[in-house]
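*Asks:* Before I ask anything, let me first share the structure, which is written out below as structure tokens.
Residue numbers (this note's numbering): 710 to 983.
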């Protein structure tokens, strides 16, 4: 999750109707208005308060386990280890009576060595296990939505009749809402499925401890307003979630939702209001 390449490719160059893989019926969006999410991997009382303070419609933890019982939870099978060694699917199935979830998120950044770190072959081989849940399945969330890894996975999914019900997307880029919304539209056009933007924020990948981000908080908040409004006008965008990083993080600190003491920043207050 530390380094990403952002390509502003024309929409026509990204659209590829041939990649409409298995589960054509799944291309119908399930919601009339994109639902705002929160992502938080913590399990302490502060994490609970932070999730609640954002007024989300749903949340996830990058895990198959939930940490807060009073909000709709979407589990994730983060990687092969959790799937094969931690009985992640068994846990998801056992929790269904409490979570009532209809969705399951697939592998997290399988193309990143510090995240799921999986080959396309391995992901394709394990995907039928996720299908056994009967839940709607979100695609693996790659480092960026134009990745070769994702394209190869979706080609294999079509060939091997695997079910992928919606596309998941990560995006960390400059605060240009038009560029971001074009990426979202391009992902939908290419794979003809609903879209969940499960991680996004403004990032200055050249920032360091001694060189501040060139993107100010007002710039970030303008981007947030415009992208949330834009996604809610896209009938195929089902859900989105802003990514929280610490306020002292050089790259994404101006995107942070929380101060170091856990209280909301102005950006967090804005997100909570949207």
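Even for Gly, the Cβ is constructed at its ideal location relative to N, Cα and C.
So what does DSSP say about residue 930, is it helix, strand or coil?
*Replies:* Three-state DSSP puts residue 930 in a helix.
*Asks:* Is the CB-CB distance between residue 947 and residue 904 below 8 Å?
*Replies:* Contact: yes.
*Asks:* Is the Cβ of residue 800 closer than 8 Å to any Cβ of chain C?
*Replies:* Protein chains in the displayed structure number just one, and chain C is not present.
*Asks:* For the alpha helix (DSSP H) containing residue 982, list its first residue and its last residue.
*Replies:* 975–982 is the span of the alpha helix (DSSP H), which, as asked, contains residue 982.
*Asks:* Return the residue from the list 768, 831, 810, 808 that minimises the CA-CA distance to residue 792.
*Replies:* Nearest C-alpha to residue 792: 831.
*Asks:* With residue 748 as the anchor, note down where its beta strand (DSSP E) starts and where it stops.
*Replies:* Per DSSP, residue 748 belongs to the beta strand (DSSP E) from 744–748.
*Asks:* Over the uninterrupted alpha helix (DSSP H) stretch that includes residue 802, give me the two end residues.
*Replies:* Residue 802 -> alpha helix (DSSP H) spans 797–808.
*Asks:* Is residue 879 helix, strand or coil by DSSP?
*Replies:* Residue state, collapsed to three classes: strand.
*Asks:* Kindly identify the DSSP beta-bridge partner or partners of residue 905.
*Replies:* According to DSSP, which records beta bridges pairwise, residue 905 is partnered with 877, 948.
*Asks:* In three-state terms, what does DSSP make of residue 872?
*Replies:* Residue state, collapsed to three classes: coil.
*Asks:* Could you say which of 915, 951, 891 lies nearest to residue 939 if we only look at CA atoms?
*Replies:* Considering only alpha carbons, the answer is 891.
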